[in-house]
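Asker:
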Amino acid sequence: MQFFRIVFLTLLATLPAVGHSTPYYYTFSGYVTDYEDDAGIIADTLDMSTLIGRAVEFVYLIDFGAKGKVTNSTGDVVVLEDWSNETVSMSYFYAQGISGSLIEAKDGGYYNTVPGLITQADIQYGYNIADERTITGAVGSGSDDDVFAVSLDGLAVQDWTIGQVVEGLDFANDSEGMASLIYSSLTLTSITPVPIPAALWLFGSAVLVLGSLKRCTCARR
Numbered sequence: 374m375q376f377f378r379i380v381f382l383t384l385l386a387t388l389p390a391v392g393h394s395t396p397y398y399y400t401f402s403g404y405v406t407d408y409e410d411d412a413g414i415i416a417d418t419l420d421m422s423t424l425i426g427r428a429v430e431f432v433y434l435i436d437f438g439a440k441g442k443v444t445n446s447t448g449d450v451v452v453l454e455d456w457s458n459e460t461v462s463m464s465y466f467y468a469q470g471i472s473g474s475l476i477e478a479k480d481g482g483y484y485n486t487v488p489g490l491i492t493q494a495d496i497q498y499g500y501n502i503a504d505e506r507t508i509t510g511a512v513g514s515g516s517d518d519d520v521f522a523v524s525l526d527g528l529a530v531q532d533w534t535i536g537q538v539v540e541g542l543d544f545a546n547d548s549e550g551m552a553s554l555i556y557s558s559l560t561l562t563s564i565t566p567v568p569i570p571a572a573l574w575l576f577g578s579a580v581l582v583l584g585s586l587k588r589c590t591c592a593r594r
């Protein structure tokens with residue numbers, strides 16, 4: 374019974390976080406529309422003759438109930454807080470890139486190699502920025518030297534629905550500060566809840582184990 378109590382308390386500790394917000398996988402599918410290759414990264418890694426029109430799929434884990442965060446090159450984790458002034462408001466949420474980038478920073482990138490410069494080494498956020506005229510929603514993942522992102526003018530990310538067309542950007546630097554960029558037109562094709570947390574599976578497994586032990590004990594009697 375002591376084991377059961379421990380598992381039950383673990384479940385109780387987990388449930389509030391689960392109920393507070395639900396993370397989802399957002400999948401965007403589409404094709405490459407244009408590119409720039411000043412850094413030569415695209416030429417080094419992809420077939421440029423077939424790049425325009427190439428299929429692209431970006432997948433992100435998004436949790437609107439959790440705060441966005443950045444891990445800096447110093448190792449410090451910065452939690453991003455919403456802010457506003459007389460003309461602009463900015464709100465953040467958690468987002469993590471799962472897959473989709475076609476290119477990576479070359480020779481360590483540029484910002485990551487500048488001595489003493491604090492950069493965004495791990496971007497895990499999306500945002501909505503609004504002024505009196507419009508709003509722009511965006512989701513990105515990567516670093517200052519290597520990021521893939523989606524964005525849309527006129528609609529907050531929370532309001533994106535299946536079939537929404539957004540702009541995609543895949544960006545990477547080389548060590549000299551030159552950049553390669555791949556532009557794409559993407560459609561939001563699926564919004565899927567993240568599977569049940571491990572704690573809930575643990576609870577269910579524990580119940581089954583305890584039930585089996587009880588049956589064994591009763592059988593011995």
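In this text, residue positions in the sequence shown follow the working numbering: the first is 374, and each later residue adds one.
The C-beta atom is built at its ideal place from N, Cα and C for all residues, glycine as well.
(1) Is Gln-493 helix, strand or coil by DSSP?
(2) Could you work out which residue in Asp-518, Thr-406 and Ser-524 is closest to Gly-499 when comparing CA atoms only?
(3) Output yes or no for whether 8 Å exceeds the beta carbon distance between Thr-418 and Ser-557.
(4) List, from N- to C-terminal side, the beta strand (DSSP E) runs of 3 residues or more that fit wholly inside the segment 413–444.
(5) Kindly indicate which three-state DSSP category Thr-486 falls into: helix, strand or coil?
(6) If we count the other Cβ atoms within 10 Å of its Cβ and call it buried at 16 or more, is Glu-454 buried or exposed?
(7) CA-CA distance, Ser-472 and Gln-531?
(8) Asp-518: which of Gly-481, Trp-533 and Val-538 sits nearest, CA to CA?
(9) What does a CB cutoff of less than 7 Å around Ala-522 pick up in its chain, not counting 5 residues either side in sequence?
(10) Using the three-state DSSP reduction, which class does Val-530 fall into: helix, strand or coil?
(11) What's the C-alpha gap between Asp-495 and Ile-555?
(12) Closest by CA to Ala-552, which one among Lys-479, Tyr-397 and Pro-568?
(13) Under 8 Å: do the segment 408–416 and the segment 438–454 share three or more Cβ pairs, one atom per stretch?
(14) Going by Cα to Cα distance, which pick from Ser-563, Gly-527 and Tyr-465 is closest to Phe-437?
Answerer: Considering the structure as presented:
(1) Here the question's residue 493 lines up with position 120 in the sequence shown. Gln-493 falls in the strand class under three-state DSSP.
(2) Taking the first residue of the sequence shown as position 1, residue 499 is located at position 126. The option with the nearest alpha carbon to Gly-499 is Ser-524.
(3) Here the question's residue 418 lines up with position 45 in the sequence shown. Here the question's residue 557 lines up with position 184 in the sequence shown. No; because the gap between Cβ atoms is not below 8 Å, this pair is not in contact.
(4) 428–436
(5) Numbered from its first residue, the sequence shown carries residue 486 at position 113. Looking at Thr-486 - three-state DSSP - the assignment turns out to be helix.
(6) Taking the sequence shown and counting its residues from 1, the one referred to as residue 454 is at position 81. Classification for Glu-454: exposed.
(7) On the sequence shown, position 99 is the one that residue 472 refers to. On the sequence shown, position 158 is the one that residue 531 refers to. One C-alpha to the other measures close to 21 Å.
(8) Within the sequence shown, residue 518 is the residue found at index 145, counting from 1. Nearest option by C-alpha distance: Gly-481.
(9) Position 149 of the sequence shown holds residue 522. Same-chain partners within the cutoff: Ala-511, Val-512, Gly-513 and Leu-542.
(10) Numbered from its first residue, the sequence shown carries residue 530 at position 157. DSSP places Val-530 in helix when its eight states are reduced to three.
(11) Taking the sequence shown and counting its residues from 1, one reaches residue 495 at position 122. Taking the sequence shown and counting its residues from 1, one reaches residue 555 at position 182. Distance between the alpha carbons of Asp-495 and Ile-555 is about 20 Å.
(12) In the sequence shown, residue 552 corresponds to position 179, counting from 1. The candidate whose alpha carbon is nearest that of Ala-552 is Lys-479.
(13) no
(14) For the purposes of this step, residue 437 is taken as residue 64 along the sequence shown, with counting starting at 1. Closest by alpha carbon: Tyr-465.
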